[in-house]
Every structure is written in structure tokens, then in C-alpha cells.
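One structure is given below, encoded as C-alpha cells.
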Amino acid sequence: MIVRTDFERRWARLRQLMWQQDMAALVVSENGRSRYLTGYQRYFTATHVAPVHAVLMTLDGGPFLLRPRHVVPEPDEHAAQELIGLGLGEDARVEALGQLLHGTAAGERVGLELGFLGRNFVAKLASRLPRCQLVDADPLLRSATAVKFPDELAHIGEAARLVDEGLAAGIAACRPGASELEVAAAASARMLEMGAEFINHMTVRAGSHAAGNFPLPTYRRLAEGDCVQLDFGCVVNGYVSDTNRTVVVGRASVEQERLFEVGQRMLEAGVAAVRPGIPAAALWQACFQVAEAAGMAGRVTLPFCGHGIGLSLHEAPFVDPASTTILEENMVLALEPGVYAAGIGGSRPEDMLRITADGAELLSHFPRDATLHRARQPQPA
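The opening residue of the sequence shown carries number 0 in numbering that gives the first Met the number 0; numbering runs sequentially from there.
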């Protein structure tokens, strides 16, 4: 459902930033951002396709939603001020934007997603708007979307809840003889049944895969003693979730339980360190110190232990040793420290959280210790 007041708050924040950065107009084409501004959802695909739409915002007008003429959203499917039909092809978008920006004064700055758009499109638009200065709008857009509004937090919270449901279904499917794909199917089906729009990512890694980063589930069948890493997320109203748990099929070995314990304590330390006003690197340090004290510094193989999340899976801030981004209230993070050991497995528990005025509110509620308790259950004789 489109709630216009939610979008009006977003437009006001964006226009304030545009004014501060002397940007007369902004052109957005990336799907998540165009949905952020208008509620319009183009089709999803696992492979990249060139943008066929655009959203134009000015300091005093818009957003104008430019989309192919054959796509006619219902009034309750978008919040744009005006719909503009396009012919197919890049030139049609260039011409439509040129007409809309025809009155832009000489030297005025027009923001584009230069990291997303193709160079050919940017060159054509520059030729069509010779009086304008085309500038990169990515920093402005990252700043505008980093701190979430209440409606965004509600959507993210629901996406996190559906991942909890998916984890329960996926872990229940982790039994000897089941394939990684069968586990993934159980988790995916549950999230879709509960209302997810899309499965954003689906990773089930077992056995020799569990200590690596291979992203796709396979036909490999689970065996007794396998570590199984479940890392996935879904999309709800355009917002992404991401949670990770690890289980052992059957009884965990002493080495696996030790990995689980250290991974759990790393995540607990990271969550406890969260508060506004500190650099994101402080969370990395809190997690890493636990691994270091446990003698597992060498088993921390990933160069980061968390990231912002919302319109996309990986957003600023990134939680790494060098991150100077200052955490702010109502940013949302996915915190995921981990330790890995070849031939044994890995432990990379991941929770989503909202930064509050004095700490963190967890959005992930699937028990962190449920995997450990499951692993310790004695097997039938």
C-alpha cells in the first residue's frame, strides 16, 4: 500500500540535501532508489538489465516517473506526482529528461547515479543538456537513505521476521541425506508463504562448503557431522533482510562447538558495543578482540563483520577495521562476525539490528543458541 505521507517525508529530506549541495535536479534509475522515491517496482531479475525507467526530482517539482508506455501502474502502485510514458531505448529516456530539464539555468548541477548508469547514456544526456553540470549523486543518495524513517523500519522488521521463519524451516530440513537445494527450497517456500515479495539471496553451505564462500546451494547431500551454514534474506515492500545461522547435522564435535561458542560471543560483543556517535570500526574491534582472546584471530577470514541494510543487501556503513562512518540512531545493520576452520566448519551468526539512542534493538529473533542446543542433542542409539 502506498502511504503518501511516508513518501513526502523522503522527498523533503532529499530536497534538503539537494539544496545544501547546490543540486537543482536529481535523476534516479536504480530500482531500489526509484522505489524509495515513488513506490514503483519494476520487474526483478537475478542478472543485470539496463534501466528502462527513471525518476526525476527537482527542488520544487516531482517526482516524475518515466517508464515504458506499455507499463501503466495503478494509482495505488506509485506515489509519483506525474507519470511520463517512454518509447523503448536509451534515446527515449535522454529525450524525455532533456525536455523536462529544458528550463534548467546555465551551470546548474544535475545529479546522476554515475556508478550505476552506463557511460554512453551519461554522454548522451550531457550532449542533450549542454548548459548543465552533471555530477555524481551517489554520496547524496547514500546519505539520504542511511537513516531510516519509521515506515522503513516497519518494513525491514517484517522482512527480518520472515527470515526467522525461513531459518526455522531450513534448519528443520537439515537432516542426513537432504541436499543443500532441498534445505534452500524449504526455507524459500516458508518465506514466500509468509508474504515475502522475493527471495533476495539464498545460501546453504554444508560440509566442505561451510568454511568457504560459495554462494549457491547445490545437490550435495548432508551427512552426519556436517556444519551447515544458512545465510539468506527476503524482500518486503522493497526492503531487504539478512540473517545467518549455522547448525550441525547430528552431534557436533568438540572443535565445532568451540567455533560456535566463539562466533556467538563475537556477535554478542559486537551488539553490546553498538551505540550512536562511534565509528563503525569500533564494532569490528569489539568482535575481533573476542576471537583474538580465544586464539582464533587467524580464523577471522572475512575483511568485514557487518554492513548497513535496507533498500539493498549491502549499504553503508560497512563494519570493517578502517571504517570511519559514524553510527547514527535509526541506521540498520546486519552484524555477522565469523570464524572458520577448513575441514571443521565455521560459525558466522548474523543478526539485524536498529541503532537506538543508547544501544541496539535486535530485529532478528531466531535464537542464537538454538543451533548449539540442537547440535548437542544426543542421537538415537
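Glycine residues also receive a C-beta, built at the ideal position from the N, C-alpha and C atoms.
Under the Cβ criterion (8 angstroms, minimum of three pairs), the segment 144–157 does not count as touching the segment 119–128.
Beyond the five residues adjoining it in sequence on each side, Ile170 comes within less than 6 angstroms, by CB distance, of Val246 in the same chain, given in chain order. The way I'd put it, the segment 188–199 does touch the segment 234–254; three or more beta-carbon pairs between them come closer than 8 angstroms. When rounded, the separation of the alpha-carbon atoms in Glu107 and Arg9 is 23 angstroms. If you ignore the 5 residues before and after Arg92, its C-beta comes within less than 7 angstroms of the C-beta of Ala53, Leu65 and Leu85, all in its own chain and listed in chain order. By the Cβ test, the segment 245–261 is not in contact with the segment 308–315, since fewer than three Cβ pairs between them sit closer than 8 angstroms. In the three-state DSSP reduction, Pro50 falls in the coil class, being neither helix nor strand.
Between Val318 and Val289, the C-beta gap is not smaller than 9 angstroms, which leaves the two residues out of contact. Restricted to the segment 273–324, the beta strand (DSSP E) segments that are unbroken, complete and at least 3 residues in length are 305–307 and 314–317, listed in chain order. In the three-state scheme derived from DSSP, where H, G and I count as helix and E and B as strand, Pro74 is classed as helix.
Between the segment 156–165 and the segment 135–146, the count of Cβ pairs shorter than 8 angstroms is below three; the stretches do not touch. Nearest C-alpha to Ala168 among Met22, Leu312 and Val203: Val203. Around the C-beta of Phe259, 16 or more other C-beta atoms lie within 10 Å, and the residue is accordingly described as buried. Counting along the chain, Met22 sits inside no alpha helix (DSSP H), nor does DSSP assign it H or E at all.
In this structure the segment 110–117 lies against the segment 16–28, because at least three pairs of beta carbons, one per stretch, are closer than 8 angstroms. DSSP places Pro67 within a strand segment (E or B) once states are collapsed to three. Proximity of the segment 277–288 to the segment 323–334 meets the contact definition, three or more beta-carbon pairs being nearer than 8 angstroms. Pairwise C-beta distances place the segment 327–347 in contact with the segment 292–305, as three or more of them are shorter than 8 angstroms. Note: Asn243 is bridge-paired with Asp230 and Glu349 in the DSSP secondary-structure output.
Sequence-distant partners of Val134 (beyond 5 residues in either direction) whose C-beta falls short of 6 angstroms from its own C-beta, in its chain, are Arg108 and Gly110.
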